[in-house]
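Protein chains: 2
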Amino acid sequence: MTDVSLRDVASRAGVSFQTVGKVLNGKGTVSTETRERILEAASELGYVPNALARSLVTQSTSTIGIIASDLSDYILARFVVGAEREARGREHGVLIGSLNEKGSDAGRYLRVLLERRVDGILSAAPQLENDVRIGEMLRGSVPTVSLHHVPGGGVPVVGSDHVRTGFLATRHLLELGHRRIATVRGDEDRRVTFSRLKGYRRALEEAGVAFDPDLVEAGGWEPEGGYGATMRLLERAPDITAIFSQNDTMALGVLSALYDRGMSVPDDCAVVGCDDIPLAAHTIPPLTTVHVPFYDTGETAARLLIDMIDGREKEPAPRTLLPVHLVRRVSCGGGPEK
Amino acid sequence: MTDVSLRDVASRAGVSFQTVGKVLNGKGTVSTETRERILEAASELGYVPNALARSLVTQSTSTIGIIASDLSDYILARFVVGAEREARGREHGVLIGSLNEKGSDAGRYLRVLLERRVDGILSAAPQLENDVRIGEMLRGSVPTVSLHHVPGGGVPVVGSDHVRTGFLATRHLLELGHRRIATVRGDEDRRVTFSRLKGYRRALEEAGVAFDPDLVEAGGWEPEGGYGATMRLLERAPDITAIFSQNDTMALGVLSALYDRGMSVPDDCAVVGCDDIPLAAHTIPPLTTVHVPFYDTGETAARLLIDMIDGREKEPAPRTLLPVHLVRRVSCGGGPEK
DNA sequence: AGGTGGAAGGCGAAGGTTCGCCAAAAGAAA
DNA sequence: TTTCTTTTGGCGAACCTTCGCCTTCCACCT
Numbered sequence: 006m007t008d009v010s011l012r013d014v015a016s017r018a019g020v021s022f023q024t025v026g027k028v029l030n031g032k033g034t035v036s037t038e039t040r041e042r043i044l045e046a047a048s049e050l051g052y053v054p055n056a057l058a059r060s061l062v063t064q065s066t067s068t069i070g071i072i073a074s075d076l077s078d079y080i081l082a083r084f085v086v087g088a089e090r091e092a093r094g095r096e097h098g099v100l101i102g103s104l105n106e107k108g109s110d111a112g113r114y115l116r117v118l119l120e121r122r123v124d125g126i127l128s129a130a131p132q133l134e135n136d137v138r139i140g141e142m143l144r145g146s147v148p149t150v151s152l153h154h155v156p157g158g159g160v161p162v163v164g165s166d167h168v169r170t171g172f173l174a175t176r177h178l179l180e181l182g183h184r185r186i187a188t189v190r191g192d193e194d195r196r197v198t199f200s201r202l203k204g205y206r207r208a209l210e211e212a213g214v215a216f217d218p219d220l221v222e223a224g225g226w227e228p229e230g231g232y233g234a235t236m237r238l239l240e241r242a243p244d245i246t247a248i249f250s251q252n253d254t255m256a257l258g259v260l261s262a263l264y265d266r267g268m269s270v271p272d273d274c275a276v277v278g279c280d281d282i283p284l285a286a287h288t289i290p291p292l293t294t295v296h297v298p299f300y301d302t303g304e305t306a307a308r309l310l311i312d313m314i315d316g317r318e319k320e321p322a323p324r325t326l327l328p329v330h331l332v333r334r335v336s337c338g339g340g341p342e343k
Numbered sequence: 006m007t008d009v010s011l012r013d014v015a016s017r018a019g020v021s022f023q024t025v026g027k028v029l030n031g032k033g034t035v036s037t038e039t040r041e042r043i044l045e046a047a048s049e050l051g052y053v054p055n056a057l058a059r060s061l062v063t064q065s066t067s068t069i070g071i072i073a074s075d076l077s078d079y080i081l082a083r084f085v086v087g088a089e090r091e092a093r094g095r096e097h098g099v100l101i102g103s104l105n106e107k108g109s110d111a112g113r114y115l116r117v118l119l120e121r122r123v124d125g126i127l128s129a130a131p132q133l134e135n136d137v138r139i140g141e142m143l144r145g146s147v148p149t150v151s152l153h154h155v156p157g158g159g160v161p162v163v164g165s166d167h168v169r170t171g172f173l174a175t176r177h178l179l180e181l182g183h184r185r186i187a188t189v190r191g192d193e194d195r196r197v198t199f200s201r202l203k204g205y206r207r208a209l210e211e212a213g214v215a216f217d218p219d220l221v222e223a224g225g226w227e228p229e230g231g232y233g234a235t236m237r238l239l240e241r242a243p244d245i246t247a248i249f250s251q252n253d254t255m256a257l258g259v260l261s262a263l264y265d266r267g268m269s270v271p272d273d274c275a276v277v278g279c280d281d282i283p284l285a286a287h288t289i290p291p292l293t294t295v296h297v298p299f300y301d302t303g304e305t306a307a308r309l310l311i312d313m314i315d316g317r318e319k320e321p322a323p324r325t326l327l328p329v330h331l332v333r334r335v336s337c338g339g340g341p342e343k
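Residue numbers (this note's numbering), protein chains in the order written: chain A, 6 to 343; chain B, 6 to 343.
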């Protein structure tokens, strides 16, 4: 790994290093003869341009930083993959950091990104949505796009329509004739919980079904929580005929609980999830759910961010919501497709 | 984002920029008085050191590059999270790229990493395990550690003991008294498939059960494949009493197939998976599986890589295998714990 | 008084690029 | 032949650090 520089190539080709630069970047005018001599020298020496030096002078690293929650969460990983692909397609590198659960290392990590002079930042860490300090930092640094709310605003958000997600799931159950529809919700400190709940209530209202707070139970996002919430619901309101789980992961627990209670899905109780993670298609029975376009969201966010960096996008929309749609499978009955 | 440099801080504090450098890096000797003046000026101006310029002179970026498969795969994501956490704990940044399925963009991406002068590379893309050209590139550049085989060798590999994985799963079934044990295997072009198959055969052999090629069926890693493979197995060998699925994802399909055939798990057929992905604990019934420490593997790989970069590790072991262990749940019967 | 030594801080170079500008040579027009 | 234009390629500066070395100043010792 003896680094070979423009100078080395130049001395081998018998020209100045600036001329080599011209050839390699296809700028300026150089005779075909010298050009070939230089190209040959470069390939013989195995020249690899030094992006560091370039960035230093151009004041741009062609790198975006992603601040992410735990990447082993499928949903987050999809965001990131979408964003990374888009960024790479646009000749941008991706510097990534996976935060701890509390997000308490976000400040330090953000600083690392700024030291490395990333051209922009993509925030994909919902645990930061109430963090005022981080919001402040994000607003005041490089161009930023977020996949979640940023306290204080000023940072464009790209996401999906969570209200509609809750609405579609609930309306589907209503259309199938259910009237006692329970919901297993996520954490109270997350906005998405309220949005999906709002969609649930809106659908009930439209159908003229009264909202019953007894039918809402916290499930904490994970299967265990879904299991426990279902058991409590069944205890409290044995007359429910359907459950809307505010994500597919909890729905796994919901299904387990119903199974353990000897209830058949969808006959004794219909279940609808949301997110449409891959194994939703492989639960027993396959889960009807609302598809949320995580990959596209990441892609869109990266596109917007890079447009902002390029200066192509001067007035980014403060919110971009991608559409969601219902995916009918078996857990609600009513046939796989309308 | 008007960048403020050492010079700016210096002129505000009335000293030379080199002195500011000394203070900020805690090197040299500077009087307490000037030090404070400098610190104050730096914080007033919001000085953020420029890692680019530093790297240029120190010839080290404190950055590792990760070449990864699709990050939305849980297993890969765990590797990456482990590696990233370890790297960050050791003050290293992570530049990541998620390859396409074929890995055909690996060459280009590798070049990007080299241009950015990463200090080392972590390869986590099994689709490259037969790619001779990439093997060549990896061997001849910066320090590298791989999570999969690299053609031509010369790159230390960190992984888990796949043979033992297959062995433990199969032995468990044998111990429970099964004799007709089928296995749903992964893709033929992947080494892990052969290793797990080898473990399966070894366990059979130790127990004095003859290997029957009819009991091996390809499942292509995904639930659909596991479903199809199970159906074919049931057709061909209706006397099987247990199935070892070479990953948990396919096991989902195995469970669905058995369910659709009206067979009860574990009474009519026991199922054991491997990998221990989170939802293995939440299938119906909960899946007995072999735990594979993906996070630790990533962590270990990053640790080794950074030790190599530091020069702390001169003769890395060509192979480091982390231990795996059986996790008993319900899908094999025999009680949750021994 | 002469000498020694340490603290404080400045200086110059280097690291590998990009970019604007200038000089020399070559070709075209007069 | 002279002059003008174009092509070709060199030059210097800038980007922001780190690092080794040097100077200055002051205190202390003999």
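Backbone N, C-alpha and C fix where the C-beta goes; we use that ideal spot for every residue, glycine too.
These figures come from a predicted structure and were not determined experimentally.
Could you tell me whether the Cβ atoms of residue i and residue j are closer together than 7 Å?
i	j	result
A/Phe84	A/Thr302	yes
B/Arg190	B/Val221	yes
B/Val214	B/Ile248	no
B/Thr288	B/Ala262	no
B/Ala306	B/Leu81	no
B/Ile101	A/Ile186	no
A/Thr68	A/Val123	yes
A/Val295	A/Cys279	yes
A/Val408	A/Val35	The structure shown does not extend to residue 408 of chain A, since chain A is modelled only from 6 to 343, so the question has no answer here.
B/Val86	A/Ser77	yes
A/Ile282	A/Arg95	no
A/Pro148	A/Met313	yes
A/Ser250	A/Val259	yes
When the cut-off is 7 Å and only beta carbons count, does residue i lie next to chain B?
i	result
A/Val2	With chain A covering only 6 through 343, there is no way to say anything about residue 2 of chain A.
A/Arg266	no
A/Arg144	no
A/Pro228	yes
A/Ala306	no
A/Ala56	yes
A/Ser250	no
Please tell me whether residue i has its Cβ less than 7 Å away from any Cβ of chain A.
i	result
B/Gly52	The question names Gly, but residue 52 of chain B in the sequence shown is Tyr. For B/Tyr52, the answer is no, since every Cβ of chain A falls outside 7 Å of its Cβ.
B/Leu181	no
B/His177	no
B/Arg324	no
B/Ala208	no
B/Leu263	no
B/Arg67	As written in the sequence, residue 67 of chain B is Ser, which differs from the Arg given in the question. No, B/Ser67 does not count as interfacial toward chain A.
B/Ser60	yes
B/Leu220	no
B/Leu133	no
Check for me: the beta strand (DSSP E) holding residue i runs from which residue to which?
i	result
A/Arg308	It is not in any beta strand (DSSP E) - A/Arg308 instead sits in the alpha helix (DSSP H) that spans Phe299 to Asp315.
A/Ala73	Thr68 to Ala73
A/Ala294	Position check: residue 294 of chain A holds Thr in this sequence, whereas Ala was assumed. Looking at the DSSP string, the run of the beta strand (DSSP E) that includes A/Thr294 is Thr294 to His296.
A/Arg190	Ile186 to Arg190
Strictly below 9 Å CB to CB, what residues from chain B border residue i?
i	result
A/His296	Near A/His296 there are no residues of chain B at all, since even the closest Cβ is about 15 Å away, more than 9 Å.
I need the boundaries of the alpha helix (DSSP H) containing residue i, first residue and last residue.
i	result
A/Ser60	Ala56 to Thr63
B/Thr325	First-last for B/Thr325: Arg324 to Leu327, but that is the beta strand (DSSP E), not the alpha helix (DSSP H).
B/Val14	Leu11 to Ala18
Interface residues of chain A around residue i at Cβ under 7 Å?
i	result
B/Asp315	Those within 7 Å of B/Asp315 in chain A number zero; the least Cβ separation is about 15 Å.
B/Ser77	Tyr79, Ala82, Arg83 and Val86
Any heavy atom of the ligand HEM within a distance shorter than 6 Å of the CB on residue i?
i	result
B/Gly98	By its list of ligands, the structure shown contains no ligand whatsoever, and the ligand HEM lies outside what it can speak to.
So which residues of chain A does residue i contact, with C-beta pairs closer than 9 Å?
i	result
B/Gly258	His287
B/Ser151	Within 9 Å Cβ-Cβ: nothing; B/Ser151 doesn't reach chain A, min ~18 Å.
By the criterion of Cβ-Cβ separation under 7 Å, what are the contact partners of residue i in chain B?
i	result
A/Ser21	Neighbours of A/Ser21 on chain B: none; closest Cβ ~21 Å, over 7 Å.
Item to check | Where the region 79-98 of chain A meets chain B: residues whose CB sits under 8 Å from a CB there | outcome: Tyr79, Ala82, Arg83, Val85, Val86, Glu89, Arg90, Arg93 and Gly98
Contacting positions in the region 97-128 of chain B - beta carbon closer than 7 Å to chain A
Gly98, Val99, Leu100, Ile101, Gly102, Ser103, Val117, Leu119, Glu120, Arg121 and Arg122
Where the region 39-51 of chain B meets chain A: residues whose CB sits under 7 Å from a CB there: none
Checklist entry - Just by C-beta distance, which residues in the region 269-286 of chain B are closer than 7 Å to chain A? => result Leu284
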